[in-house]
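**Q** Heads up: the sequence lines are chains F and B, in that order.
Oh and the first sequence: position 125 is 124 in numbering that gives the first Met the number 0, straight run, nothing missing.
Oh and the second sequence: position 289 is 288 in numbering that gives the first Met the number 0, straight run, nothing missing.
First, the structure itself, so that you have it in front of you.
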Amino acid sequence: MRRAALLALLAAAAATGCGRPGSVELVARLVEVPPGAIREDPLYNYAAILKYEVVRRDRGPEVEPVIYVAHYNPRKPRARAADRFITGVGGTLKTFRAGDLHRLCLEPDAEKWYVGGVINFYLGAADTIYWAVRTDAVPEPPAGRRP
Amino acid sequence: MCFARWPWLAVLPAALLLAAGAARAAEPEAAAPPQTDDPAVRRLAEEVRDKGWIVFAARTGEGDWDLFLCRPDGSDVRDITRTPRWNEGYALFSRDGRRLLFRRIGRDESFDGNRHGAQGRLVLADADGANPQVFGGEGEFPWASWSPDGKELACLSADGIFLVDVATKAVRRTIDRLGFFQQITWSPDGRSLSGVANSFGTNWSVARLDLAAGRASAVHVGDSCTPDWFPDGRRMIFSHKPAGQAANNGYGWTQLWMADADGTNRRFLYGEDGRHVYGGHVSPDSRYILFTGNAAEDGDAGSAGSPMALVRLADTPIVGGADGDIRRLHPDAGRGPVLVLPVGWEPCWTGADLSAGDSSGRRAADGPAPEAPAPEETP
């Protein structure tokens, strides 16, 4: 029953679509938001590295069960994260909350996509930091049916 | 990043303002440094007056941003770009003081305090602003910095750090950027680059890249930026916001620090309760430090702006302004003298003699600098 609920949830997530940018597309759960990772400082447009547990990969090469993702301007809703310097990022997610499911369209090696300040509480934890091109909110299944 | 208006201009009759319009166009809006009765400050001003020239960006009376030269005491201010269609910033003298590089953006754009080295087009010119030549297209040759001999530029992009031959624009070498993301500066001995990097701490650090080994090392970890070299190539000056400051609603104030290039012998140089201090630059004889900063930490692109200032290295540590948290942290620090200079952004100092021009804002040799046409081709 739980598995059926999860599959239905993931199917719904796939139906919302990412517009399919990025070379990797997956659904993952945000493990935590370290204190200080998302600064309410309007002067700085930086990227924060956040940790995810991968629930399902839909497209692209294999990924580790735990991945680290750079999100640009994380204090802003994804639809308003892009600016005159960093374009091509977006999504429906409004706020980063630990435990939430996200549908992520990613590019490996964030350094190839982003030149700017990074807040990273996971320094050295992974060889690959992914760059979040699109981050969509995924509705939670009914209580007790979390994947 | 912006500059204060002369406050007394507001009370002048409009007719006088109109009559003065042509003259104002050749001067930054706050060209005259504040006068002082402090004899120690006057001695400092006399001491540095003939020690070369400072280039800086400032808003003109016409509202655009130009590059200006002044003497290190703030006198003899002259506009060296005079381009009302464009804004100029991020000016760097070559180490021999013969050349100048800067970024040029459209008049309607504004420089961003964290992106200015990559904005618009790179322009190379003589040190007095003569013969400006647009070197690349929009966004090309980002964060350019002169090699010690002025024959190459080090640039930084997502693809890496690349060393470019000035004469041919050919890329001579590409190096992994290893987390560096802004403000790279080639060391005077040619062996290293300094810059701001993500690779060493939770957030941005001042770091050094060994060019021969292609290896990066931290100089100062965390909340550190705007590094520059001492002329000996063995020490660096940089801005740092120490953690745990209660002032400014717990945000604290950014201060000037220095360290050896290997990260040792770190020490506080200058801070102010009430202003973030940035853009530290060391005089060619290593005896003085030049800086700017503002209260909002944004370079003040849209409002009042902030004056540059200069102190003797031998007089540091200095806590300027009213006593507060920084004074409590450094109770034995001096109070000055601090020579306040015209309002300006990202100053750079050369010991070269650029005094051939007059002081009216017009270059003596060839009149007003022409506005270089936008290039149709890119390298």
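Built from N, CA and C at the ideal position, the CB exists for glycine as well.
On the criterion of 16 or more Cβ atoms from any shown chain inside 10 Å, does residue 34 of chain F qualify as buried, or is it exposed?
**A** So residue 34 of chain F counts as exposed.
**Q** Does the distance from the C-beta atom of residue 40 of chain B to that of residue 335 of chain B stay below 8 angstroms?
**A** Yes, the pair counts as a contact, with Cβ atoms nearer than the cut-off.
**Q** Please classify residue 150 of chain B: does DSSP put it in a helix, a strand, or coil?
**A** Reduced to three states, the DSSP call for residue 150 of chain B is coil.
**Q** Does residue 213 of chain B pass the burial test, meaning 16 or more other C-beta atoms within 10 Å, or should it be called exposed?
**A** Its Cβ having fewer than 16 others within 10 Å, residue 213 of chain B is exposed.
**Q** When burial is assigned at 16 or more other CB atoms within 10 Å of the CB, is residue 137 of chain B buried or exposed?
**A** By the neighbour-count rule (16 or more Cβ atoms within 10 Å), residue 137 of chain B is not buried but exposed.
**Q** Apply the 10 Å Cβ neighbour rule to residue 345 of chain B and answer buried if 16 or more other Cβ atoms are within range, or exposed otherwise.
**A** So residue 345 of chain B ends up on the buried side.
**Q** Between residue 269 of chain B and residue 306 of chain B, is the Cβ-Cβ spacing less than 8 angstroms?
**A** No, they are not a contact pair.
**Q** Quick check on this structure: which residue in F:42, F:97, F:48 and F:127 has the alpha carbon closest to the alpha carbon of residue 61 of chain F?
**A** Ranking F:42, F:97, F:48 and F:127 by Cα distance to residue 61 of chain F puts F:127 first.
**Q** Answer yes or no: does any C-beta atom of chain B fall closer than 8 angstroms to that of residue 126 of chain F?
**A** It does not; no Cβ of chain B falls within 8 angstroms.
**Q** Specify the secondary structure class of residue 346 of chain B as computed by DSSP and reduced to three states.
**A** In this structure, residue 346 of chain B counts as strand in the three-state DSSP scheme.
**Q** On the criterion of 16 or more Cβ atoms from any shown chain inside 10 Å, does residue 22 of chain F qualify as buried, or is it exposed?
**A** By the neighbour-count rule (16 or more Cβ atoms within 10 Å), residue 22 of chain F is not buried but exposed.
**Q** Helix or strand or just coil, what does DSSP make of residue 139 of chain B?
**A** Looking at residue 139 of chain B - three-state DSSP - the assignment turns out to be coil, as it is neither helix nor strand.
**Q** From B:201, B:225 and B:191, pick the residue whose C-alpha is nearest to that of residue 216 of chain B; which is it?
**A** Closest option to residue 216 of chain B, Cα to Cα, is B:191.
**Q** Measuring alpha carbon to alpha carbon, tell me which residue in F:114, F:77 and F:134 is nearest residue 101 of chain F.
**A** Comparing Cα-Cα distances from residue 101 of chain F to each of F:114, F:77 and F:134, the minimum goes to F:134.
**Q** So is residue 111 of chain F in contact with chain B if we call contact Cβ pairs under 8 angstroms?
**A** Cβ-Cβ to chain B under 8 angstroms: yes for residue 111 of chain F.
**Q** List the residues of chain B whose Cβ lies closer than 8 angstroms to the Cβ of residue 118 of chain F, in chain order.
**A** Within 8 angstroms Cβ-Cβ: 201 and 202.
**Q** Nearest to residue 176 of chain B by alpha carbon, out of B:274, B:189 and B:153?
**A** The shortest Cα separation from residue 176 of chain B among B:274, B:189 and B:153 belongs to B:153.
**Q** Identify the contact partners of residue 114 of chain F in chain B, using a Cβ-Cβ distance below 7 angstroms as the criterion.
**A** Within chain B, the residues near residue 114 of chain F are 156, 157 and 180.
**Q** Based on Cα-Cα distance, which residue from B:260, B:338 and B:90 lies nearest to residue 289 of chain B?
**A** Of the candidates B:260, B:338 and B:90, the one whose C-alpha sits nearest the C-alpha of residue 289 of chain B is B:338.
**Q** Please list, in chain order, the residues of the segment 57-84 of chain F that have any C-beta partner in chain B closer than 7 angstroms.
**A** Flagged, chain order: 84.
**Q** State the DSSP-derived secondary structure class of residue 116 of chain B, mapped to helix, strand or coil.
**A** Helix.
**Q** Check whether the segment 156-175 of chain B and the segment 112-121 of chain F touch, using three or more Cβ-Cβ pairs below 8 angstroms as the test.
**A** Touching, yes, given that three or more Cβ pairs across the two stretches are closer than 8 angstroms.
**Q** Apart from the five residues just before and just after residue 227 of chain B, which ones in its own chain have a Cβ nearer than 8 angstroms to its Cβ?
**A** Taken in chain order, the residues that qualify are 184, 193, 235, 236, 237, 279, 280 and 281.
**Q** Taking the alpha-carbon positions, what's the residue 63 of chain F to residue 50 of chain F distance?
**A** Near 12 angstroms, if we compare the C-alpha coordinates of residue 50 of chain F and residue 63 of chain F.
**Q** Is the shortest distance between the beta-carbon of residue 65 of chain B and the beta-carbons of chain F less than 8 angstroms?
**A** No, because no Cβ of chain F sits closer than 8 angstroms to the Cβ of residue 65 of chain B.
**Q** Taking only beta-carbon atoms, is residue 129 of chain F less than 8 angstroms away from chain B?
**A** So no, residue 129 of chain F is outside the interface.
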